[in-house]
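Asks: Residues are numbered in the numbering used here as their position in the sequence shown, beginning at 1, plus a constant of 31.
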Amino acid sequence: MRPSDLTSLKQKGQPIAVLTAWDSLSAALAEAAGADVLLVGDSLAMVALGHATTLPVTLDQMLHHTQAVARGLTSMPADQPLLVCDLPFLSYQCGEDRAVAAAGRLLKESSAAGVKLEGAEPEVIAVIDRLVRMGIPVMGHLGLTPQAVHRLGYRRQATDAISQERLIDQARSLERNGCFSLVLEHVPAKLASRVQQALTIPVIGIGAGDGCDGQVRVTADLLGLTPKQPPFSQALVDGRQLFIEALKGWVSQTRNHTPPTTGSPRSTPDC
Ligand code: KIV
């Protein structure tokens, strides 16, 4: 999958499925599930590294995790999902040269084929313009932008008419400046549908209703693994409880020297 293939999916009206991955295990699961795009989101700061926000994760850490994600993919390169990596906080806010160096490193030292960054302030637009001209595909991100948590909080965004018109203008500006797709997070569903109609690039929603061209979810949220579930992302399975119960069973069997009570298709006989 290439960035431009996503636009073809939008044109065909084929919904786009984007899942996050943070290591080779999560990548293999998301690939086996058939995701079109794997996003190594900076949410890995919270999901995998135990931070309270996305701000502390570094470029080196994002690269380390992206390389692990790439190693988890098993299909032939042409059949693999598109791999996109978030540019972490402060890797693109300090000028275009530093942004090109950061994004270029991700593409040079991993098989990521695009980067995602947040916002559409004039400085960010200048960065996007430069990255795109340097051959680096960029996915935009508007609405709730977690790197601005200290300014915006984790609240739903663009709830009044003025901020809605501003968001539509920003989305148009991202498209004009070469973004190949746009993530819209935690905004009213009607607004997301208006953006979807206004743009030719695909709009990928999370907490933005069903009217987008695709959906993105943090895989750990879908699997019920994160301690705190975002209000707009329902778990499909209570993975945390399921795994804790399985491990409790193993701990108890180990302490009591009892053999496993049930087999599973993946259990191996004791040597
Ligand atoms: O970091 C992330 O996982 C994201 C998604 C929620 C879109 O940006």
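Using N, Cα and C, we set each Cβ at its ideal position, and we do this for glycine too.
Restricting to Cα atoms, I'd like to know which of D244, E276, P261 and F274 is closest to L175.
Replies: P261
Asks: Suppose the cutoff is 8 Å on Cβ atoms and the five residues either side in sequence are ignored; what does the same chain contact list for I159 look like?
Replies: L148, V169, G171, L205, N208, G209 and C210
Asks: Would you give the residue range spanned by the beta strand (DSSP E) that S212 belongs to?
Replies: S212 to E216
Asks: Quick check: is any heavy atom of the ligand KIV less than 7 Å from the C-beta of G72?
Replies: yes
Asks: For M170, which three-state DSSP category applies?
Replies: strand
Asks: Would you mind sorting Y185 into buried or exposed? The rule is 16 or more other CB atoms within 10 Å of its CB.
Replies: Flag for Y185 reads exposed.
Asks: Report the residue from L273, V115, K139 and S39 whose alpha carbon sits nearest the alpha carbon of A58.
Replies: V115
Asks: Report buried or exposed for E152, applying the criterion of at least 16 other Cβ atoms within 10 angstroms of its Cβ.
Replies: exposed
Asks: Counting only runs that start and end within the stretch 143-199, where is the alpha helix (DSSP H) found for 4 or more residues in a row?
Replies: 153-164 and 180-183
Asks: Checking 8 Å against the spacing of the C-beta atoms, do L69 and V88 come in under that value?
Replies: Not closer than 8 Å, so no.
Asks: Going residue by residue through the stretch 200-269, where are the continuous alpha helix (DSSP H) segments of at least 4 residues, counting only ones entirely within it?
Replies: 220-229 and 250-253
Asks: Can you give the Cα-Cα distance for A192 and L267, rounded to whole angstroms?
Replies: 34 Å
Asks: Kindly indicate which three-state DSSP category L114 falls into: helix, strand or coil?
Replies: strand
Asks: Is it the case that the stretch 69-87 contacts the stretch 41-48, given that we only count it when at least three CB pairs across the two stretches are under 8 Å?
Replies: no
Asks: Is the beta carbon of A235 less than 8 Å from the beta carbon of G245?
Replies: Checking the displayed sequence, the identity of residue 235 turns out to be Ile instead of Ala. For I235 and G245, yes; Cβs fall inside 8 Å.
Asks: Hey, how far is the Cα of G270 from the Cα of S142?
Replies: 29 Å
Asks: Under 7 Å from any heavy atom of the ligand KIV, does the C-beta of H172 make it?
Replies: yes
Asks: Please report the distance separating the alpha-carbon of K41 from that of P290.
Replies: 53 Å
Asks: Look at the alpha carbon of D128 and the alpha carbon of A223, and state the distance between them as a whole number of angstroms.
Replies: 32 Å
Asks: So who's on the other strand from V68, going by DSSP bridges?
Replies: Beta bridge pairing from DSSP links V68 with V49 and L113.
Asks: For the ligand KIV, is there any heavy atom lying closer than 7 Å to the beta carbon of D128?
Replies: no
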